[in-house]
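A.B. asks:
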Amino acid sequence: MSNKSSVRVRFAPSPTGDLHVGNIRTALFDWAYARHTGGKLIFRIEDTDTERVTDQYIQAAIDTLKWLGLNWDEGPEVGGEYGPYLQSQRLEIYATWADKFLAQGDAYHCYCSGEELEERRQLQMKNNQAPGYDGKCRNLSATQIQEFKSQGRKPVVRMRMPDGETTFVDAIRGEVKFEHKYVPDFVLARADGSPLYTLAVAVDDVLMKITHVLRGEDLLSSTPRQIRVYQAMGLKPSEYPIFAHLPFVMGQDNAKLSKRNGEVSIAWYREQGFLPEAICNYLALLGWSPGDDKENITMQELVELFTVERVNSSPARFDMKKLEAINGDKIRALTIDEFLKWALPFLINAKVITGTQAELDVVRSALPIIQERIVKLAEIPTMLNFLFVKNFKVEGDEMGKIVDPDSQNVLKVALTKLEPVQSWDHVAIESVLRVALIEELGLKPRIAFSALRIAVTGSHISPPLFESLELLGKERSIARIKAAISN
RNA sequence: GGCUCCGUCGUCUAGUGGCCUAGGACUCUGGCUUCUCAAGCCAGCUACGAGGGUUCGAAUCCCUUCGGAGCUACCA
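Going from the first sequence to the numbering used here is simple: count from 1 and add 289.
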């Protein structure tokens, strides 16, 4: 490998949809590697397929990456000396190279129509032959070309794969070899001159001086084609980038993660209240490991520890439970100020609060008691709703649990003991209630406090009772207990 | 079908010939703690796909086999 500061890695998604878990894992590794080596991360948009690409996804991808904390040195928004970084803005460059390949004899015009190709492919399959371009237009005579032209045919540009084989060393998998008889001549540019991935990706990696290509394993078998383009461009093997094909992230059904087998859109994780650092931490563990037993790491630690050598070659199954566990850990590690910053949008979105200073003060004092009780930020609204709801009412199910004589008695006793309490803090509240209900009435704590919990929070599951009472305030607490007493 | 990649607990992984009667994390189960729910703590379950070699010794090396995945486009 060349010296450290010259490392240039690229993340080059095709914006045909929202960035998903697999894309992000790749982006994360690209980023971590660039940062680890002190190199540059180049963000390039591969939008050569005009039929599938949508502009909105480009902006969405930018937003997602930024939200995750992954920054880039060259690319959309930041520019760079090798731009533009949208392939749709580099069309002339690809056209120029395609012409050069044609002139050099590395590529040739192919006049076969899609239907003809498909027909021949079916025939190959039927005869148990490897399907692929059969080389029909490889050596057309001038008269044949005239003939096709007079038929009004427009040619595509097809790369000639010479006999032989391509061998390259994948940084994760070792030496990989493809015999060219299994790598048919491939199309570089459509009849209208627009480039295909195979052309654009190779040209850009060379022009943008990419030194390391870390990408999904699905591109492994397209590597010989990419190398063929390098050769046509005049590169020596020592000038090829280093390839590292990352293992897949798979869904529950053992297939590549997709919308069908799991939640893949990062937007969804964001809405659920997963922290960017938790997502990155978890994703980093899919196909890579720090080496020791420490799994909960910061972005900083990831950068320090990440090496391609430690990337696994086998695919990993996505496990929501573990992501949640890590997210819970990260949430618990937040300072209250940070936690507040993350919590507010969820509270406001759920219309639990509007965002007044008074509300913020309450939320801030309530956060410590729910911090270790949630796994996702989206759980916050339901947990704190009882503190803000205007017309509080215990719902039927829960109400049914406190209409029995014992519960009613607890509420009545609690009411009389609580009303005189002057300093309304959880310590005082707890001691009063313990004396009255546990010592004097001889009740089991879980029985005694359960009735009160339901009466004031509306649910048998809530944050700690005494702190909840304190946060609610004396007035509302008393009122709710009164309301829960049947007569 | 062909080509290529991959194969350690349910899941993510540690492991590069002896440190492995295989370690950690998540999940699950049981327990402790306890005002609910959590958190925390303790314990337990469970794996080298299979079969052959090589070796004093193999999860680690070799072969075969089985299984899974990707590719096989004028998608990327």
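C-beta: ideal position from N, C-alpha, C; glycine also.
All of these numbers come straight from a predicted model, not from anything done at the bench.
1) Note the first and the last residue of the continuous beta strand (DSSP E) segment covering Val396.
2) Report back the beta-carbon spacing between Cys569 and Leu354 to the nearest angstrom; my notes put them in contact at under 8 Å.
3) Whole angstroms is fine: what's the gap from Thr705's alpha carbon to Lys640's?
4) Can you check whether the CB of Ile774 is closer than 8 Å to the CB of Glu708?
5) Starting from Glu404, trace the alpha helix (DSSP H) both ways and give me its first and last residue.
6) Can you tell me whether Ser720 is buried or exposed? The criterion is at least 16 other CB atoms within 10 Å of its CB, across all chains shown.
7) Flag this pair as yes or no: are the beta carbons of His325 and Phe628 separated by less than 8 Å?
8) Would you list, in sequence order, the uninterrupted alpha helix (DSSP H) runs of no fewer than 4 residues that lie entirely inside the region 296 to 382?
9) Between which two residues does the beta strand (DSSP E) carrying His534 extend?
10) Would Phe563 and Lys665 be called neighbours here (beta carbons separated by less than 8 Å)?
11) Could you have a look at Ser766 and say whether DSSP puts it in helix, strand or coil?
12) Starting from Met450, follow its DSSP beta bridges and name the residues at the other end.
13) So Val721 is in the alpha helix (DSSP H); what residue range does that whole segment cover?
14) Nearest to Ile663 by alpha carbon, out of Ala632, Val651, Arg599, Gln411?
15) Where does Thr587 fall in DSSP's three states?
16) Roughly how many angstroms lie between the CA atoms of Val458 and Ala491, to the nearest whole one?
17) Have a look at Asn312 and Val342 and give me their C-alpha separation to the nearest angstrom.
18) Give me the residue from Ala478, Phe635, Asn680, Ser654 with the minimum Cα distance to Gln561.
19) Tell me whether Pro484 sits in a helix, a strand or coil according to DSSP, three-state version.
20) Is Lys293 helix, strand or coil when you go by DSSP?
21) Expressed to the nearest angstrom, what Euclidean distance is found between the alpha-carbon atoms of Leu730 and Lys701?
22) Of the choices Gly424, Ser712, Ile331, whose alpha-carbon is the least far from that of Arg449?
23) Between the alpha carbons of Cys426 and Asp474, how many angstroms are there, rounded?
24) Please go through the same chain and pick out, in chain order, the residues whose beta-carbon is closer than 7 Å to the beta-carbon of Val592, but skip the five residues on each side of it.
25) Under 8 Å by Cβ, that's how I've got Glu335 and Ala489 pegged, so tell me the actual separation to the nearest angstrom.
26) Expressed to the nearest angstrom, what Euclidean distance is found between the alpha-carbon atoms of Phe607 and Gln541?
27) What residues are listed by DSSP as bridge partners for Leu503?
28) Does the distance from the CB of Tyr346 to the CB of Gly306 come in under 8 Å?
C.D. replies: Let me lay it out:
1) It is worth fixing the name first, because residue 396 is Ala in this sequence and not Val. Where Ala396 is concerned, the enclosing beta strand (DSSP E) stretches over 396 to 399.
2) About 11 Å separates the two Cβ atoms, so there is no contact after all.
3) Roughly 34 Å between the two C-alpha positions.
4) Remark: C-beta atoms of Glu708 and Ile774 do not approach each other more closely than 8 Å.
5) 403 to 415
6) exposed
7) no
8) 310 to 326, 344 to 357
9) Segment 531 to 535, the beta strand (DSSP E) holding His534.
10) Contact: yes.
11) helix
12) Answer by DSSP bridge pairing: none, since Met450 is not bridged.
13) Where Val721 is concerned, the enclosing alpha helix (DSSP H) stretches over 715 to 722.
14) Ala632
15) coil
16) 17 Å
17) 16 Å
18) Distance check between Gln561 and each of Ala478, Phe635, Asn680, Ser654 places Phe635 closest, using alpha-carbon atoms only.
19) strand
20) Reliability fails at Lys293, whose pLDDT of 44 lies under 50, so the model's placement of it is uncertain and no value is given.
21) 12 Å
22) Gly424
23) Cα to Cα, Cys426 sits roughly 10 Å from Asp474.
24) Ala321, Arg324, His325
25) 7 Å
26) Approximately 7 Å, taken between the alpha carbons.
27) Ala533
28) yes
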